[in-house]
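One structure is given below, encoded as structure tokens.
Protein chains in written order, with my numbering: chain Y, 16 to 271; chain Z, 6 to 290; chain R, 27 to 321.
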């Protein structure tokens with residue numbers, strides 16, 4: 016596949032198949048995801064884009080009867096090989112979910128949660144919290160009330176808090192699973208600006224059902240349909256000159 | 006619409022209302038009799054003095070103490086065991102024969118009559134393990150009796166913790182147990198406390214199991230070790246009402262004991278519900 | 027990192043052991059109960075236990091006939107169910123279909139109070155209030171009858187029947203009820219032709235559990251039924267004293283030498299009681315699962 020990524024390849028997937036019980040949900044997916052750029056997964060609902068995303072940090076392990084075959088190499092390491100520690104993997108590959116899911120704790124404790132558990136020294140915690148909240152573009156709004164409940168924040172603020180919480184663990188890759196689908200347009204554009212800022216330091220993969228969003232923020236786009244990866248390439252190319260009929264039909268709005 | 010159908014509906018609804026009224030009436034009649042006859046007996050002295058004159062006078066102090074010991078003893082065993090079991094079933098167990106067997110055992114323990122638990126306690130703790138009729142034997146028996154109650158209540162509390170909390174924590178590279186300990190349990194604790202407190206009410210009111218495992222008809226002193234026999238409120242009430250030295254003369258003491266028992270059990274239940282409502286409001290804020 | 031995984035495994039094992047404790051408890055319960063029960067049949071024939079018509083445990087030629095106790099339990103339970111089932115189901119229908127949410131919010135905790143009252147307090151109430159009332163109203167020689175026990179047990183089984191039936195009725199989908207109302211049925215026709223039949227398996231489970239509760243109840247029946255071990259007639263037996271299996275165990279165990287024939291006989295009765303409630307629980311669970319599946 017494409018080897019012309021400016022910053023090299025972060026994730027290599029080869030021949031990935033996934034079954035929920037007897038339902039074959041992902042068919043033989045192979046894809047390279049570039050470092051320090053934004054890759055968007057698009058496709059109609061049920062196409063397998065979120066399922067595939069969750070293969071990249073092994074969140075599918077939590078689902079009973081889920082079986083996976085194939086290779087996923089992140090920075091050269093096969094994350095499905097036997098000796099891999101799933102917990103370490105998830106430290107390296109962070110995830111932000113569709114629905115903002117802050118813990119029922121203070122803003123501060125939400126961000127400090129990961130570093131504390133991973134054994135960061137007490138005196139470094141405050142620094143990490145501030146760094147993460149600044150990087151998450153939330154510091155200016157909450158610096159005066161770090162000890163109030165995270166559940167009192169607005170939806171958009173909660174989502175940025177969840178991003179900050181992920182950043183505090185210092186991942187290499189951040190997976191976004193439709194992070195704006197529950198947010199208003201203003202909050203959405205803040206998150207999009209933030210993602211563009213974050214790609215300087217992190218490899219970003221984002222699942223979205225919003226094609227405009229993919230066009231606005233991603234460098235590369237992958238189009239999924241019914242468990243197949245139909246087409247993958249630079250975002251301009253996918254949107255302007257799709258190679259496959261299915262992609263074109265989706266882009267031009269002939270799918271639901 | 007046929008006029009007949011209208012009339013039938015009127016009759017049926019009237020009957021339903023009467024049935025409901027009758028149920029409510031039962032509740033009030035029982036509470037009324039116990040409260041109106043018992044309240045004049047209760048005084049600080051009644052609560053803090055020993056029975057006197059072959060239990061025809063004096064107070065119920067040793068029975069209160071015995072019941073408190075039973076609560077402490079049985080909760081000390083059943084609470085940790087029940088909560089740990091519930092965590093296993095909700096967070097770790099995968100559907101299969103083993104889980105099915107555990108669930109089936111819990112349901113059947115929950116439906117086993119308390120007198121059967123008494124027989125078991127007698128055979129195993131009193132006789133086989135040699136504890137004799139004692140606080141220890143009775144507490145262990147009651148612990149098994151309330152184990153299913155605590156497991157079920159804790160499971161319900163764990164189910165209400167949103168799946169999102171677990172996913173968010175796991176996605177941060179936090180282990181399963183750390184996730185449970187730091188995120189799931191803090192959210193589930195109010196529900197678990199409610200279940201625990203409800204089972205305190207159950208321990209305080211059970212009679213048949215302790216009757217077979219160590220409750221004493223009368224003791225001139227408080228229990229001084231876990232191997233001592235003990236008095237307890239429900240058994241004391243039973244003894245006074247059916248086999249006392251003078252049933253008619255001790256009627257006021259019986260009402261007083263019944264009222265204290267009722268206050269403990271219903272008070273504890275009301276307290277549990279108050280905790281639940283308090284935290285429910287807080288969570289939905 | 028090696029240590030962290032060890033820790034996770036250790037915690038999981040500890041939790042698993044705690045969960046298995048419930049299975050172990052049930053296993054030990056069966057073991058100890060049956061072991062002491064079966065020892066009866068070393069000296070006393072099983073056929074005697076099952077067919078003998080009398081329970082004379084302390085006479086010179088002791089008789090350990092299960093029948094008077096078994097039929098005593100059945101009579102009192104049947105009486106309780108006849109009284110509690112219609113009343114409980116009617117109250118459940120009222121709470122879920124007629125009462126406003128506010129009224130239902132008051133009625134539900136009110137019926138739960140019944141579930142909280144200790145059985146010995148029910149027994150005491152029955153003894154001092156209901157026994158004299160029944161004696162005078164029916165002009166009997168004693169008010170301590172099977173009927174008295176049935177009434178008290180019925181009241182005690184009410185909260186179980188009401189709360190589980192109410193759950194079942196409330197979980198009938200609205201669309202089904204609206205479908206019926208839209209055809210021009212009255213609310214009552216909808217309730218008894220559509221809603222209640224749809225909730226029937228849940229209601230049956232409630233009744234089963236109510237029976238389980240009633241047959242296993244000890245203190246209340248012991249205090250109000252007079253405890254005479256005679257095979258009761260039907261329905262005349264309702265107005266006479268009876269002796270249930272539970273009451274027999276609780277009454278006699280205190281005065282029995284441990285390890286004696288009589289001691290083992292009481293365990294044999296306990297085993298019968300346990301097997302009975304075990305079957306009822308399994309059946310109730312089975313019925314309940316089936317209806318959960320359907321809705």
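Ideal placement from N, C-alpha and C gives every residue a C-beta, glycine not left out.
Linking residue 175 of chain Y to residue 180 of chain Z through their CA atoms gives a straight-line distance of about 23 angstroms. Under DSSP, residue 252 of chain R forms a beta bridge with R:268. Residues of the stretch 40-51 of chain R with a C-beta atom less than 9 angstroms from some C-beta of chain Z are 40, 41, 42, 43, 44, 45, 46, 47, 48, 49, 50 and 51, listed in chain order. If you ignore the 5 residues before and after residue 210 of chain Z, its C-beta comes within less than 7 angstroms of the C-beta of 239, 266 and 270, all in its own chain and listed in chain order. Chain Z places no beta carbon closer than 9 angstroms to that of residue 191 of chain Y, leaving this residue out of the contacts.
Interface flag for residue 204 of chain R against chain Z is unset, since no Cβ pair is found closer than 9 angstroms.
Considering only beta carbons, the part of the stretch 240-259 of chain Z lying closer than 7 angstroms to chain R consists of 242, 243, 246, 247 and 259, in chain order.
Here DSSP, grouped into helix, strand and coil, assigns residue 192 of chain Y to strand. The contact set of residue 180 of chain Y on chain Z, defined by CB atoms closer than 9 angstroms, consists of 173 and 177 in chain order. At a C-beta separation below 8 angstroms, residue 300 of chain R has these neighbours in chain Z: 117, 118 and 121.
In the structure shown, residue 81 of chain Y falls within a strand segment according to DSSP collapsed to helix, strand and coil.
Secondary structure note for residue 207 of chain Y: its alpha helix (DSSP H) is the uninterrupted segment 200-213. Taken in chain order, the whole alpha helix (DSSP H) runs of length 4 or more contained in the stretch 189-269 of chain Z are 190-210, 213-218 and 238-247. Using beta-carbon distances, residue 124 of chain R counts as an interface residue toward chain Z, with a partner under 9 angstroms. For residue 106 of chain Z, the closest Cβ of chain R is nearer than 9 angstroms.
Taking the C-beta atoms as reference points, residue 244 of chain Y is found no nearer than 9 angstroms to residue 59 of chain Y. Contact between the stretch 57-76 of chain R and the stretch 136-148 of chain R is absent: fewer than 3 CB-CB pairs across the two stretches fall below 8 angstroms.
The CB of residue 139 of chain Z never comes closer than 9 angstroms to any CB in chain Y; the least such distance is about 44 angstroms. Here the stretch 48-59 of chain Y does not lie against the stretch 54-73 of chain Z, with fewer than 3 beta-carbon pairs under 8 angstroms apart. Taking C-beta separations shorter than 6 angstroms and ignoring five residues to either side along the sequence, residue 268 of chain Y has no partners in its chain. Not a single CB atom of chain R sits nearer than 9 angstroms to the CB of residue 142 of chain Z.
Taking the beta carbon of residue 35 of chain Z as reference, the chain R residues within 7 angstroms of it are 143 and 151, listed in sequence order. Residue 64 of chain Z is positioned such that its CB atom lies no closer than 9 angstroms to that of residue 75 of chain Z. The beta carbon of residue 107 of chain R sits no closer than 9 angstroms to any beta carbon of chain Z. Inclusion of residue 274 of chain Z and residue 138 of chain R in the CB contact set at 9 angstroms is warranted, their separation being smaller than that value. Residues of chain Y whose Cβ lies closer than 8 angstroms to the Cβ of residue 183 of chain Z are, in chain order, 132.
According to DSSP, residue pairing for residue 34 of chain Y in a beta bridge involves Y:39 and Y:82. Neighbours of residue 181 of chain R in chain Z, taken as residues at a C-beta separation under 7 angstroms, are given in chain order as 31. Taken through DSSP and simplified to helix, strand or coil, residue 164 of chain Y comes out as strand. Remark: C-beta atoms of residue 308 of chain R and residue 230 of chain R do not approach each other more closely than 9 angstroms. The three-state secondary structure of residue 130 of chain Z, taken from DSSP, is helix. At a cut-off of 9 angstroms between beta carbons, residue 79 of chain Z makes no contact with chain R. In the structure shown, residue 147 of chain R falls within a helical segment according to DSSP collapsed to helix, strand and coil. For residue 246 of chain Y, DSSP records a beta bridge to Y:238. Taking residue 265 of chain R as reference, the option from R:253, R:274 and R:276 with the minimal CA-CA separation is R:253. Near chain Z, meaning a CB-to-CB distance below 8 angstroms, the residues of the stretch 60-90 of chain Y are 72, 74, 77 and 79.
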